[in-house]
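Numbering (our numbering), first residue to last: 86 to 362.
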Ligand code: ATP
Ligand code: MG
């Protein structure tokens, strides 16, 4: 089984049963992963260039959207830096979703999301996403239960719309253990060059771990669809979560059967014109 297949959410899977240190679909060591990662990052970069080229050279409107969700210190930033960082930034549209601004709050929760969707030929990256509106919002009671309760269906309808418009939606829910999060946050405190990453509020969310587990369970149960399935990514071992999400993106791009668009000019004529210029 490939890594993405091994990680695809299956009905009945319990968040409490996830082993955040597991490496589904990969039986090598950290050292083995390093070699594989280098080769696969290169493959990802090639495919991304083809996606970009298809939109420039023709009328291909397709795009890919990577949705990253996870608790603080789950490694979302590392995915952006190491996985997405391997491709040409020209073809990437990155957006981090934090606490909504007053303007964003005045609109429907999907308003800011729609504005951040990837243009044709791009890979969109959502560092947190519309799922915050059924995660922190649910856990913290930021809106009435009827309001967040209706959002699961709204999200499914929204993602259906995206897929129908040519966007392949790749969803990664990254799971670290409570202990691993403590280690990661301690590292941030122990290293002055990481203090900028530390947010005292992270401890407050950490204290609500069981409530978040429940909210993640509902997300997986209610928004993993055949057109936009969730991938449950164990994230205690960063080398694994990076390889896993690289493989998920490669799978999505290969599914598009991309090719470089043919020249819309006569190559021989252009060669002669150039040589004689
Ligand atoms: P890191 O994981 O590196 O700490 P981060 O994603 O936590 O990065 P921050 O700017 O520290 O980035 O935090 C964003 C915060 O905004 C999170 O606590 C998140 O839950 C919160 N947030 C995101 N979307 C919403 C929303 N729709 N409503 C309320 N809070 C939200
Ligand atoms: Mg944070």
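Positions of the beta carbon are idealized from the N, C-alpha and C atoms, including for glycine.
Burial state of residue i (16 or more Cβ within 10 Å)
i, result
"residue 354", "exposed"
"residue 360", "exposed"
"residue 175", "exposed"
"residue 321", "buried"
"residue 340", "exposed"
"residue 171", "buried"
"residue 352", "exposed"
"residue 278", "exposed"
"residue 233", "buried"
"residue 105", "buried"
"residue 408", "Within the shown structure, residues of the chain are numbered from 86 to 362, placing residue 408 beyond reach of any answer."
"residue 156", "buried"
"residue 188", "exposed"
"residue 333", "buried"
"residue 139", "buried"
"residue 109", "buried"
"residue 242", "exposed"
"residue 313", "buried"
"residue 207", "buried"
DSSP bridge partner residues for residue i (one or two, in chain order)
i, result
"residue 179", "210"
"residue 153", "212 and 257"
"residue 148", "252"
Heavy atom of the ligand ZN within 6 Å of residue i beta-carbon
i, result
"residue 166", "No copy of the ligand ZN appears in this structure; the ligands present are the ligand ATP and the ligand MG."
Test item: CB-CB of residue i and residue j under 7 Å
i, j, result
"residue 159", "residue 324", "no"
"residue 254", "residue 263", "no"
"residue 302", "residue 100", "yes"
"residue 252", "residue 148", "yes"
"residue 203", "residue 260", "no"
"residue 330", "residue 257", "yes"
"residue 228", "residue 297", "no"
"residue 271", "residue 135", "no"
"residue 154", "residue 216", "yes"
Residue of the options minimising C-alpha distance to residue i
i, options, result
"residue 128", "356, 336, 351 and 352", "336"
"residue 123", "219, 150, 95 and 169", "169"
"residue 306", "190, 352, 88 and 93", "93"
"residue 245", "277, 150, 229 and 290", "150"
"residue 180", "237, 152 and 283", "152"
"residue 90", "140, 346, 347 and 311", "311"
"residue 130", "111, 173 and 146", "173"
"residue 125", "144, 338, 358 and 193", "338"
"residue 205", "226, 279, 142 and 116", "142"
"residue 96", "315, 282 and 330", "315"
"residue 378", "236, 356, 213 and 313", "Outside the shown range of the chain, which is 86 to 362, sits residue 378, and nothing can be said about it."
"residue 300", "192, 218 and 198", "218"
"residue 326", "274, 166 and 134", "166"
"residue 132", "215, 313 and 345", "345"
"residue 137", "111, 178 and 112", "178"
"residue 221", "290, 313 and 112", "290"
"residue 182", "201, 108, 249 and 110", "201"
"residue 113", "194, 193 and 88", "88"
"residue 294", "283, 266 and 209", "266"
"residue 250", "231, 199 and 286", "199"
"residue 328", "275, 284 and 120", "120"
Where the alpha helix (DSSP H) through residue i begins and ends
i, result
"residue 243", "230-249"
"residue 139", "115-142"
"residue 352", "352-360"
"residue 281", "Per DSSP, residue 281 belongs to no alpha helix (DSSP H) and is neither H nor E."
"residue 89", "88-92"
"residue 295", "294-308"
"residue 172", "Note, residue 172: premise wrong, no alpha helix (DSSP H); not H, not E."
"residue 325", "323-339"
"residue 342", "Note, residue 342: premise wrong, no alpha helix (DSSP H); not H, not E."
"residue 187", "187-190"
"residue 364", "Nothing about residue 364 can be reported from this structure: the residues present for the chain run from 86 to 362 only."
"residue 409", "The first residue shown for the chain is 86 and the last is 362, placing residue 409 beyond what the model contains."
"residue 198", "196-199"
Run of the beta strand (DSSP E) containing residue i, from where it starts to where it stops
i, result
"residue 258", "252-260"
"residue 318", "315-319"
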